[in-house]
Each structure stands twice: as C-alpha cells, then as structure tokens.
Amino acid sequence: MDYVNTFRFAVLGPVRAWRGERELDLGSPQQRVVLAALLLRRGRPLPLGELIDAVWGEEPPAAAVSVLRTYVSRLRKVLEPDRGPDGQPRVLVSVGDGYLLRVPDGGLDLAVFQSRVARAKKARAAGDVSGAADLLHDALDGWRGAALTGLPGPLPETARSWLDEEWLAALEARLDADIALGRHHEVIAELFPLTVRHPLREELSRLLMLALYRSGRQAEALAAYRGTRAALVAELGVEPGLSLRDLHDRILAADPALMPHPARHPAPAVPGQAGPSVRAEPPGAAPEDGPTVDGPTTDGPTADGATAGGAAPDDAARSGPADPRAPAFQPARPAQLPADLPTFAGRDLELERIGALLPQDGSVPSTVVISAIGGMGGIGKSTLAVHWAHRVADRFPGGQLYVNLRGFDPTGSALVPDEAVRGFLDALGVPPMRIPAGLDAQVALYRSLLAGRRVLILLDNARDTEQVRPLLPGSPGCLVIVTSRNRLTGLVAGEGAHPLTLDQLSADEAHDLLARRLGSDRLAAEPRAADEIVAQCGRLPLALAIVAAHACAHPGFPLSAIADEVSESHGSLDAFTGGDDITTDVRAVFSWSYKALSAPAARLFRLLGLHAGPDISAPAAAALAGLAPREARGLLTELTRAHLLTEHFPGRYTLHDLLRVYAAERVDVEETPQERDLALHRSLTWYLHTADAAYPHITPSRRRIRLEPRPQDCRPLEFTTHERALDWCETERPNLIVAVHQAAQAGHTGTAWRLPAVLWGFFYLRSHVHDWLDTARTGLAAARAAGDREGVAQGLSDTAAALRNAGRFDEAVEHLHQALELSRELGDREARASVIANLGDAYLHAGRLREAVEYVRRGLALDRIAGNVWGEGIALSNLGDAYQRMGRYDEALDCLQRALVVLRAAGNRWVEGVTLDILGTIHHRLGRHGESVGHYRRALETHRDIGNRWGEGHTLGHLGDVHLDGGEPEAARASWRHALAIFAEFGHPDAEQVRQRLDRLPDGPADVRAREAAPRRTA
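Residues are numbered in our numbering as their position in the sequence shown, beginning at 1, plus a constant of 28.
Structure, rendered in structure tokens:
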C-alpha cells in the first residue's frame, strides 16, 4: 500500500496524475476517460459494460472490449513501469469482469474538495463562520478549470454537470459565509457575473441582493430581484421562492435586522432565512420560553399594510408610541403530542439514526433540525414519529406542536397551510384578533414566536413539500419531524431535511410487536403459528396490529387457528380489516395513497398486480403497460414517491407483499379480462424477445429459435456485448422463470416453450441446472397440453440438455430418442442433426463410448452436409473427447486440433474452452506437464472471457491435478480452492470431489473448513 500512497490524481480541471513529484503521461483523451471513470468510482469496482458506456455511450465499436483492455494495459505500464510481466498489478487491479483503481486517502483532488466542503458545513453549523469560510476558500482553490477539461464522450459530459453543481454550491456557501463576516462589499464584483451566467439560480440572486443592501445600494438590490423574477416567469412560468420573496419584502421595509450589527461578530446564517442574521447573544442564551412579542415592532409591515400585531399603521400612529417593554401577549407553552403507543416495539436502528440528528451532549441545535420520515401506508411512520417525539420532548422546553396535515385523508381534504399556521398560532397563545390576514404575515408571526425558543414540531401525514414549508421555523433550536407517504425530495434538497424511509420490520421486531400485544407466553406456546402470522402479514406493522387485535379479542383461540384464518385469505386483504375504524383497515389505508395518484400512475400500479416476478425493471414495466419507456419511468417515480413501490436498486422496483395483493385486487376490479390478458401478453412477449436479443451474444452462430412476429409496440432491449447479455439474463433470471410458468398457466404456450429454449446458453454457462430443468419441463408440458408438436420437439431437446448437465444421462438419452422420432415426423432435418449430435454427447458422458462415437460421427456427417460449421466444431470436439477416453490419443489429438480451427472460425468460444481443457487432459495423461498446464491456462482464459463459470471450475480442478502430479501441492491447493468456491457457489455436485482432493493434501480438512468460513465469491 506504501507504493499506492505515492500517487496523486486530479479531475477538477484537466485529468492529471503524479507519482511522487513526477507527472505521468496519461496518453490519449479516451485513455484518460478510462482513468477518469475509475477515479470517479472512488475505490469501487467498475464493470466492463459501464466502462464501455463511459467511453463510447450507446454506439461502442465492435472491438470495444479489446480496445479497453489495451487502454488498461497502457495505464498499468504508466502507473507501474517497474512491474514485471508476471507481477500482479497493485494500483489498477482486475475485479470480476471490470477494474478498480486504488487511490490513497487524500490522493484525489475531488475527495479533498468534498472533505473540505463537508468540514465547512460542520464548522458553520457549530457557529464557526470564519473557519467555514477558510475551508471553503481552500476547497475552491483546488479547482484548476472546468472538471475533466478536454475529455470527450458521455462520461465527462455527465460528470461535469454534477461536478459543476458541487462547485457552484460550494461557491454559494463561501459567498454566504463571506457576507456573514461583513465582506459584502468584496463579493459584489463576484456575484454580478455569476447571476448573469445563472439567471435562474435564486440563491445567487439572494446573496447579491443582500450584499447590495448591506452596501447601501437598496435600489440595485430591488432591481436584482426584479431581474430574477422576470427570468423565472419568462423561462419557467413560476414566481420566486419564499426565501427570495421574503428578502425582497424586508428590503422594501428597510428591515434593520438585515444589517450587520456594528458591535458584534456575525453569527452563522440560518437555513431558510433571507440572509445572514446578527445575533446579540451566543446560541442558547435566549430564555427557554422565548421572547415576548411586541406587536407592531416584531416583523415590520406585512404585505397587506398591517403590522405583525394586526393594527394598521394609522391606528398605531394614533395610539401613540408603544412601550417596547410592554408585551402584547405572552406566548403559551403548547403540549400537543398524541399519546405514545404503550406496545411500541422495534425500530432500534431507526431510532438511533434519527436520534443522532440532535447534539449528543444535550445542547441546543445550531440549526433547525428537520427529520422527514417516509414509507408506505401502514409501515408505522406516525407511530415512530410520536414515540421518538416523546423520548426527546424534555429537550424542548418551549413545548410541542402537532398537526395532522391529512395529506392522505380518506375524505381527500388535505389541510391547507393557512389553517395549520392559524392552529399553531392559536396553540402559541396568539389572540384571534392579533392573527394577521394573509399567509405570509401569519408565517412571519409564527416564526417570530419560535425565534429563540426550543420547540418540537410534529407535522404528520404531509402531502408534499409545499404543504410543509410554511410550517418550518426560521431560526435554530427547534426540531421538526415530518411524516409522509410521499418522498419529500424538495424538503431534503431545499431545506436540508434528513430523510428516513421505513421498511418492513425485521422478523425479530415483528415477533416482539406480537409479544407486546399478545404476551410472550402465548407466542412461545405456538412458535410456528407466530412465524406464519408474521410471514402472512409481510412484517407490516399495521397488518400485524390488526391480526394481534383479533387474537386479543379471542384469547381462547389458538394462534394456529388465527394463522390458518389469515392464510386462507391469501390473495386478498380480507384478514386485515380493523372493524369499525377505517384507519386500521389495510385495504382502506392503501386506497388513500392509490386514490391520490394520477390516472396513468394508478393504471400502472394495478397492472403491476399481474407481474408475478419478485421485482420489475423500468423497461419491463413499460412493456406491461404498453407505454414508452420515458413515460413509464415518470409514472414509476410517482409510485415510488408515494411509497406504493420501492426502487430497491437503480431502475428496479418491487412491491410489498400486501401492496401486491392490493394491486391484484384493483386490476381484477378495474380492468376487463381482455385488457388483463393483453397486458400479460405484452409483458411475456417483451421478456421473450429481449431474451432472444441476448441469445446470439451468448451463443453466436447457434441455430436461432423461430419466434412469432414481434408486435409493433414491443420494444425489447438490445445488447452490444456478451457481458451485457449475460448480466441481463442473470439479473432477470427469477422473472424469466416466473414468466415461463405464468405463460404456461395463462395459455401462452408458444412463450412457455420458446423462452427456455432461448435461455439454453445462459443456463449452461451459469450452471443454473435446477432452473433449466424446471423451465424446460414446464414448457414441454404446456406444448404437450396444447398439441404443439414443434414445441414438444424443442421441449424434449431442452429437457434432455438440462438432464445431461444434471448428470442424469439415461433420462437425457430417453428424451433425445423421443425428440429424434418427432423431428423425423416433422421433417426438420436441422433439428434431427442436432438431436443426433446431442445423443452422441449424452452417450459420451454416460460412459457408453461406442454409442457415443457412432452418434457423433453421424451428427458430424449431417453437419458437414448442411454446412453447419457450429455443429461440426462441436462434433469434432466430442469425437476427440471420446477417443481420449478410449485411450486413442493420436486420433483424439487430431480431432481436437481440427475442432479448434473450426470452432474459432465459427466464433464458438465456449466449446473452444472445453476443447482446450480436453487437450490439457490428454497431455497430462501423456506426461507432458508443461503442455498440459499451457492448455489448461488457455482454457481458463477462454472460460473467463465468456463467463463460463462451470467450465472454469472443471478446468481449475484438472489444473490442480497436474500441479499435484508435478510435485507442486501448494499450487494444486490454490487451484482446488478456487474450483471449490465456484462449485459451492452453484451447489454443483462436483464440489464434494474437490473437497475430497483437498482433504488428501496435508492439513486438508482444516484448510477446507477455513475456506468455507471465508466469504465466497459471487458470480
């Protein structure tokens, strides 16, 4: 690692690198893009497919993989010129099918920049404005021009946008700190050109207005506001935000609080205020009950001409000067929190996370702390929020405010901000006659009352950010807890809220919830029934509470009877109704979120009830609904924000089990049988045609499966590389398996047998034998039931292939003979030749070598007549394997060498790898150690290039045998360990053989146990 620590890299400007004090020549622009992509991953692996995207985007050259490997090789030579040909890279290392760049701490200018910005935020929050400003100046000084200067391609374009945004945000923070430190004269020259370049950026306009006003240039400050407003209205059709409007009003009113106090050091700016404010006392010095409110002197004139206290200016003048020491009223100390749930259980991690938002020493927060708790209906957002509020209420002596904003009320009448603010003002003791007219004036009074106080505010069941914003305090010391079924991204981005999305309870937490409501003894008496209840409730707190309430109401009922009742309602939500309280009915709770959706999003949600797979990608959802991908992505975002859908991985979505049931109920009620069948057909067709698009990349030159014409509205994915095709199949494997079964059940017979057929190569390469056999048999049964003879023939061949790879050779032979007879009846010569070749292969692996040679020769002759180069190469390889098993090594070598020529011409790399492995075996048996090792290593390279994990495991096992016979037990151990990891990964039966080989080595059993205890590789 000491060697790695000598490197420094730069991306904030031109991409550069240094080893020690010497700058390195990084080569061509595209080679620098490769380095930049690896640097931006910040020590995480970058898969080959993503690297291709970074350099070329959607149109990579045919030789993209080899070109990238050349770039990587050159970069390695630049970074490690002293590394020998056999030395392992230490800086730019291979990981899986991609690469990882090791960068020392502080070795990347971007990391240094982000670290300084983060430290500046902490300093600002702690009140150290000067320290924050220094850190931000240092951070910005590290930029040497536009990020990734001079680099072409998609990655630099994308990266520059977010890097530029980070630069601009840091610059705004630095300018804000400078203004707070009294440097307003100095920043004006910087701000004018920035606002010209970014006319829609309100924060820059706010800073310019404040700096101008503090410099005595009030008219120019107001002109700057008018310019920004005109740009926003012209370009976006929106008015400026509340912060900018508030500053404009305060400048118009010549608010003295906007000016820096001459005798005090400026305090940190408060997020959400119009600008940096001056505080005469240190944080926390104000009385806990807050200041009294002095009517007209509180906030100056309001927009409608009234003072904050409610009297018009003329009335105030007639009444004479007011004594500023005489309060108009004394604010009350509200205590509005709902009761805590006595049976609250679980959520320890979530409580720890939100608890960390407050200073651990019990001091006053230096900013307004906002926690936004989100999640689906019934997940326990309000329960958690109320529970935590009670736990920390004693830290907020100014009181607790609570309001149910009714964002998803069954009546559909969400609480408007005006009504919520008036309710808070009433709770704070403001007499009705002193509440001003107009939302802006009410919000100003509300924030004035909270200034200098420590108040906890719980905003429950919010609809959106705009409903929440007016209810946020404007000064530090307060805690705001917001719950919503929607993702309040605007609150997070604009107000610095800390998001927390609740998921299902863990199994232990769900059991704890039941135990608190039913008693531990009752659960301990029937643990299996308790487990069943937890599973059927999907670990959803509301569902568990409903079932527990039912069990409490019938203490004599055994839990097994309750569990059976819930289980019998599987496929509906009937077991989760809460009696006469609509808020404890799961179906009703879900319906409130559903009814709030737009009509297109509601349609997509219910159609997702037809998708039986564990998750769904955005393109698959688009196909299901018959939508363009862009339109579908927008609707998926709406569903995700409403917490009716979870994006568990970028671009992949899943439904909670009970939401899936609700969606299925809605689709049955609201869609006709014809529309449901059409949607399912669209989905299955998309999976079939996308799998078919992957087929030629996984099995190039192999006979294609004949598909029915693709519908015009079907937009299957396209693939550019073998790796991408294989990765898609692996990612979608659970959905593809479900699709086969769903097609069979719904009567889509053609899809039921064709889908396993086009997945043949994927199942083989990744050794998913169980899934292969399951889907092949399902497709075969569907074809037989429908009388589809073409499908039966294909299904017999696919089932035989899966049986052969499962080591069930006699059954494979039986299926192949049936397929041979049917192909003769159908007159399909190509299929007949394929079946004959496969019979030869099955006999070969069954050890019936005479039959194997007979059928392989017959298949070879048919392939040559038909000009089937792909089949000819396989036949020659199988014939060579049969000869070597018979001890006829010269004939075997001749067949295998000819096979390599044909296989390479056909591009059949996976059988090329198998053939190289067989050649290694022959040379091993002939005692040619060096040649054997060479063939095995070339076989490994080929297996790894195409992702043939099964073949890689077998060859590693053979290589270990050669090493052991050559007197190299440690090399044998290393090969067998690697082979064992691969076979164990797939549950391959050969794993036991490898374990036995390791056992026979010195310290074998202990070594194996140590290996099994270590983390295993994943595909």
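Every residue, glycine too, gets a C-beta built ideally from N, C-alpha and C.
Query                                                                                                                  : Result
Proximity below 8 Å, CB of alanine 167 to CB of arginine 188                                                           : no
Same chain, Cβ closer than 6 Å to leucine 412, neighbours up to 5 away in sequence not counted                         : Arg375
Minimum C-alpha distance to arginine 956 - residue among Arg211, Gln428, Gly994 and His717                             : Gly994
Cα-Cα separation between glycine 855 and glutamate 969, rounded to whole angstroms                                     : 40 Å
Nearest-angstrom Cα separation, counted from valine 929 out to alanine 865                                             : 19 Å
Three-state class that DSSP yields for valine 510 in the structure shown                                               : strand
Of the listed residues Glu193, Ala205 and Gly134, nearest to leucine 163 (C-alpha basis)                               : Ala205
Exposed unless 16 or more other CB atoms sit within 10 angstroms - verdict on aspartate 609                            : Bear in mind that the predicted position of aspartate 609 carries a pLDDT of just 44, short of 50, making it too unreliable to give a figure here.
N- and C-terminal bounds of the beta strand (DSSP E) containing aspartate 531                                          : Run containing aspartate 531: none; DSSP gives neither H nor E here.
Proximity to alanine 417 [Cα-Cα], best of Val392, Ile463, Val510 and Leu499                                            : Val510
CB of isoleucine 407 within 8 Å of CB of leucine 530, strictly                                                         : yes
Under 8 Å between C-beta atoms of leucine 551 and leucine 541                                                          : no
Burial state of serine 795 (16 or more Cβ within 10 Å)                                                                 : buried
Expected contact under 8 Å - CB spacing of serine 503 and leucine 478 to nearest Å                                     : 7 Å
Glutamate 1054, enclosing alpha helix (DSSP H) - first and last residue                                                : Nothing can be reported for residue 1054: it is not among the residues displayed for the chain, which extend from 29 to 1047.
Runs of alpha helix (DSSP H) wholly within the region 766-793 (minimum 4 residues, chain order)                        : 777-786
Assigned secondary structure, aspartate 973 (DSSP; H/G/I helix, E/B strand, else coil)                                 : helix
Beta-carbon proximity of alanine 1048 to alanine 360, cut-off 8 Å                                                      : Beyond the ends of the chain as shown, which are 29 and 1047, falls residue 1048; an answer cannot be given.
Beta-carbon proximity list for alanine 691, same chain, < 7 Å, skipping 5 on both sides                                : Phe633, Arg634, Leu636, Gly637 and Leu683
Spatially closest choice to threonine 949 from Val95, Asn763 and Leu924, by CA coordinates                             : Leu924
Reduced DSSP category for aspartate 283 - H, G, I as helix; E, B as strand; rest coil                                  : coil
Limits of the beta strand (DSSP E) - the one that alanine 174 falls within                                             : Counting along the chain, alanine 174 falls outside any beta strand (DSSP E), and DSSP gives it neither H nor E.
Simplified DSSP state of phenylalanine 677, which is helix, strand or coil                                             : strand
Element boundaries [alpha helix (DSSP H), containing phenylalanine 1074]                                               : Outside the displayed range of the chain (29 to 1047) lies residue 1074, so it cannot be described from this structure.
Residues that DSSP places opposite valine 123 in a beta bridge                                                         : Gly126
Close Cβ partners of phenylalanine 35 (< 6 Å) along its chain, the five nearest in sequence each way excluded          : Arg47 and Gly135
Enclosing alpha helix (DSSP H) for serine 410 [first to last residue]                                                  : 409-420
Every unbroken beta strand (DSSP E) inside the region 618-698 [3 residues or more]                                     : 674-677 and 680-682
Sequence-distant residues of the same chain with beta carbon closer than 7 Å to proline 744, five excluded per side    : Trp714, His717, Thr718 and Ala721
Which residues DSSP lists as bridging leucine 486, in chain order                                                      : Tyr430 and Ile509
Other residues of its chain near aspartate 826: CB distance less than 6 Å, five sequence neighbours each side excluded : Pro784, Ala785 and Ala804
Rounded straight-line distance, which links the Cα of leucine 74 to that of threonine 748                              : 18 Å
Cβ contact check for the region 696-708 and the region 727-734: 3 or more pairs under 8 Å                              : no
Terminal residues of the alpha helix (DSSP H) in which phenylalanine 452 lies                                          : 445-455
CB contact flag (leucine 66, leucine 107, <8 Å)                                                                        : no
Short Cβ contact (8 Å threshold) for phenylalanine 436 with asparagine 489                                             : yes
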